[in-house]
Structures are given as structure tokens and as C-alpha cells.
Amino acid sequence: MDVNLLFFSSSFCDPCIQTRGVLKQVAMLLPDVKIAELDVARDNAEAAKAGIRSTPTIVVADADGTEVFRAEGVPTLNQVLIALAKAV
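Per this note's numbering: the sequence shown = residues 1 to 88.
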């Protein structure tokens, strides 16, 4: 499965902690999905390139790198799973 999930976070973000929990569940259910966490302060060029306005934000891209889903705030497990299905 060539799907990428980018998780933009920040160290002072309480909702980011909840999002990590959701993504941990995703990783357990779909171990082939590539999940990368990027801190907006440390990875500010990548965050700016992706147009990140708030944290947490997740971006799901298909194998070609085309964005198929974006969610600001804490996503539900079902939202992430549906987004990943769209990317396949």
C-alpha cells in the first residue's frame, strides 16, 4: 500500500496527543501505511509548503503524492480509515 499520511503537530498542542492515539490505532490496523509526524516549528518549510494553518492537521496522499484528504483538529479513527481507502 503506497499511501502516505502526514501528521503536522506542535509540542504545545493537547489535541495532538489525542491525534497520536488515533494514528497509533491506524498503524495497528494498517501496518503498511506510512505515517510521518512533522513538528511545525522544526519542519516549518514543509508545513508552509503544505499550507498548514493549525495543529493537529493530517494530510493523506495517494501513491502519486496527490492529496486526497485533509483534516484539521482531532480526526476520528473512521475518518482516517475512510481517507486511506480513498487514497488506495
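Positions of the beta carbon are idealized from the N, C-alpha and C atoms, including for glycine.
Quick caveat: nothing in here was measured; it's all calculated off a predicted structure.
- prompt: For Glu46, which residues of its own chain have a beta-carbon under 6 Å away from its beta-carbon, when the five flanking residues on both sides are left out?
  reply: Leu38
message: Do Ala36 and Leu6 have their beta-carbon atoms positioned less than 7 Å apart in this structure?
response: yes
field: For Asn4: DSSP bridge partner residues
entry: Lys34, Ala61
field: Distance, Val33 Cα to Gly65 Cα
entry: 14 Å
- prompt: In three-state DSSP terms, what is Ala71?
  reply: strand
Cut-off 7 Å between Cβ atoms - residues of its own chain near Cys13, not counting five sequence neighbours on either side: Thr55, Pro56
query: Buried or exposed: which applies to Pro75, given that a residue is buried once 16 or more other Cβ atoms fall within 10 Å of its Cβ?
result: buried
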